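See structure below.
2 protein chains.
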Amino acid sequence: MVKKHDFAVDQVRRFLEPGPVVLVSCRHGEQTDIMTMGWHTVMEFSPSLVGCVIASANHSHELIRQSRECVINLPTTRLTDVVAKIGNSSGAEIDKFLEFGLTAERAHVVGAPMIGECHASFECRLYDDALVERYDFFIFEVVKAHVARSPRHPQTLHYTGDGVFMLAGKTISRKALFTKVS
Amino acid sequence: MVKKHDFAVDQVRRFLEPGPVVLVSCRHGEQTDIMTMGWHTVMEFSPSLVGCVIASANHSHELIRQSRECVINLPTTRLTDVVAKIGNSSGAEIDKFLEFGLTAERAHVVGAPMIGECHASFECRLYDDALVERYDFFIFEVVKAHVARSPRHPQTLHYTGDGVFMLAGKTISRKALFTKVS
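Protein chains in written order, with my numbering: chain V, 11 to 192; chain Z, 11 to 192.
Right, dumping it as structure tokens:
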């Protein structure tokens, strides 16, 4: 279990903009599910908007459409195998929290559970469903963010297709070249 | 200059899904521009769709809106300083190709120039402007892709905010855990 602290919702880009694979957890009624997601982008700082493709083939798609909520969780390389296995199984057949030994933590604002073993959890409400029908594209607002204090730059997973992940490497600053830092 | 070869447009996720900073080049009439972009996501394999936030404060915004085309170029760490400088200057004031010594290569399908020094260039046409007004969100179709043959996993830049970039690290395969590899 990773101890997380409140984090500014307008700063979640710090973790999402580098493009990591995330785990999306959801609940509708008695059913929960988790899916692995690589197709997402930050869309606005405030309100804190994140756009995500959640294909209708995913069991989570309907649960999220109905509940209009989810949690975007950030796994690190400690969870590499679990991330791959979650992406290659279906919530229609198994309870992924049970199957993969993950802890469903109660979120503060939404009904969807957070994943206790992740570095960060972003509670989301569906903000705009205009492109859900056409592209399975959900625009969420991050309404509450929880992040572990260290490490400052966790080693995230970045999917390149064909079963291959790129692991986050070192960080470098070019702040001196920035006229307005954001 | 990087020698690039034809690449399957339905496989551009291999380079874009890991979430790198990209350089978007465009042309409208006699004007060209380049911008640094971190807010993008793959949306579909075929047609090959990429969604991008191009804020209206960027000089490129209007050029792309008018021409309905652009090229998404993939820089590597060789271009780190140029990437930062492009993101901190305006095409309304300077010619970025000239200023930063970049080569404008003729694209095959679109009128926008490709950046010769980048590892990959994806020629794009505006596919859906439904969310441009509300979110500055452009959905492009990649109509032609050009990629260097090596390295297979180029060292890309991933922006975390505050002037700090994460550099792509090593790659690992978990193909054995994949039931259907895509």
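For glycine and all other residues, C-beta sits at the position ideal for the given N, C-alpha and C.
Keep in mind that this is a model prediction, so the values were computed, not measured.
Beta carbon of valine 19(Z): closer than 7 Å to some heavy atom of the ligand GTP? Only the bare structure without any ligand can be found here, which leaves the ligand GTP out of the picture.
Look at methionine 45(V) and isoleucine 82(V) and say whether their C-beta atoms are less than 8 Å apart. Indexing the first sequence from 1 puts residue 45(V) at position 35. Indexing the first sequence from 1 puts residue 82(V) at position 72. Taking 8 Å as the Cβ cut-off, methionine 45(V) and isoleucine 82(V) do not qualify as a contacting pair.
Only counting the same chain, and skipping five residues up and downstream in sequence, which positions put a Cβ closer than 7 Å to that of valine 22(V)? The residue you call residue 22(V) lines up with position 12 of the first sequence. If you ignore the 5 residues before and after valine 22(V), its C-beta comes within less than 7 Å of the C-beta of Ser58, Phe132, Val152, Ala155, all in its own chain and listed in chain order.
Complete beta strand (DSSP E) runs within the stretch 122-161 of chain V (minimum length 3 residues, chain order): 130-138, 147-157
Closer than 8 Å at the beta carbon, the chain V residues around phenylalanine 147(Z): As a working note, residue 147(Z) is residue 137 in the second sequence. Correct list: Met53, Gly61.
Using CA coordinates, which residue listed in Arg159(V), Asp172(V), Val32(V) is at the minimum distance from phenylalanine 17(V)? The residue labelled residue 17(V) in the question sits at position 7 within the first sequence. Comparing Cα positions, the closest option is Arg159(V).
Buried or exposed: which applies to leucine 108(V), given that a residue is buried once 16 or more other Cβ atoms fall within 10 Å of its Cβ? To locate residue 108(V), count along the first sequence from 1; it is residue 98. The residue in question, leucine 108(V), is exposed, as its Cβ has fewer than 16 Cβ neighbours within 10 Å.
Between phenylalanine 147(Z) and methionine 53(V), what straight-line distance do the alpha-carbon atoms span, to the nearest angstrom? Along the second sequence, read from residue 1 onward, the residue named residue 147(Z) stands at position 137. Along the first sequence, read from residue 1 onward, the residue named residue 53(V) stands at position 43. Between phenylalanine 147(Z) and methionine 53(V), the C-alpha separation is close to 8 Å.
In the structure shown, what three-state DSSP assignment does glycine 179(Z) receive? Taking the second sequence and counting its residues from 1, the one referred to as residue 179(Z) is at position 169. In the displayed model, glycine 179(Z) falls within a strand according to three-state DSSP.
Between threonine 42(Z) and chain C, is the shortest Cβ-Cβ distance under 8 Å, so that the two count as touching? The chain inventory of the structure shown lacks chain C, comprising the protein chains V and Z.
Run through chain V and tell me which residues come within less than 9 Å of threonine 170(Z), C-beta to C-beta. As a working mapping, residue 170(Z) is identified with position 160 in the second sequence. In chain order: Arg23, Arg24, Phe25, Glu27, Pro28, His163, Thr181.
Give the single residue among Phe175(V), Tyr169(V), Lys106(V), Lys185(V) whose Cα lies nearest to the Cα of tyrosine 169(Z). The sequence position of residue 169(Z) within the second sequence is 159, counting from 1. Measuring C-alpha to C-alpha distances from tyrosine 169(Z) to each of Phe175(V), Tyr169(V), Lys106(V), Lys185(V) identifies Lys185(V) as the nearest.
What's the gap between the Cα of glutamine 41(Z) and the Cα of valine 12(V)? For the purposes of this step, residue 41(Z) is taken as residue 31 along the second sequence, with counting starting at 1. For the purposes of this step, residue 12(V) is taken as residue 2 along the first sequence, with counting starting at 1. Whole-angstrom Cα-Cα distance: 51 Å.
Quick one: complete alpha helix (DSSP H) runs, 4+ long, within the stretch 53-88 of chain Z? 69-77
What does asparagine 68(Z) reach in chain V if we use C-beta pairs closer than 8 Å? In the second sequence, residue 68(Z) corresponds to position 58, counting from 1. The premise fails here: asparagine 68(Z) is roughly 13 Å from chain V at the closest Cβ pair, so nothing lies under 8 Å.
Please report the distance separating the alpha-carbon of aspartate 43(Z) from that of aspartate 105(Z). Within the second sequence, the letter at position 33 stands for residue 43(Z). Within the second sequence, the letter at position 95 stands for residue 105(Z). Roughly 7 Å separates the two Cα atoms.
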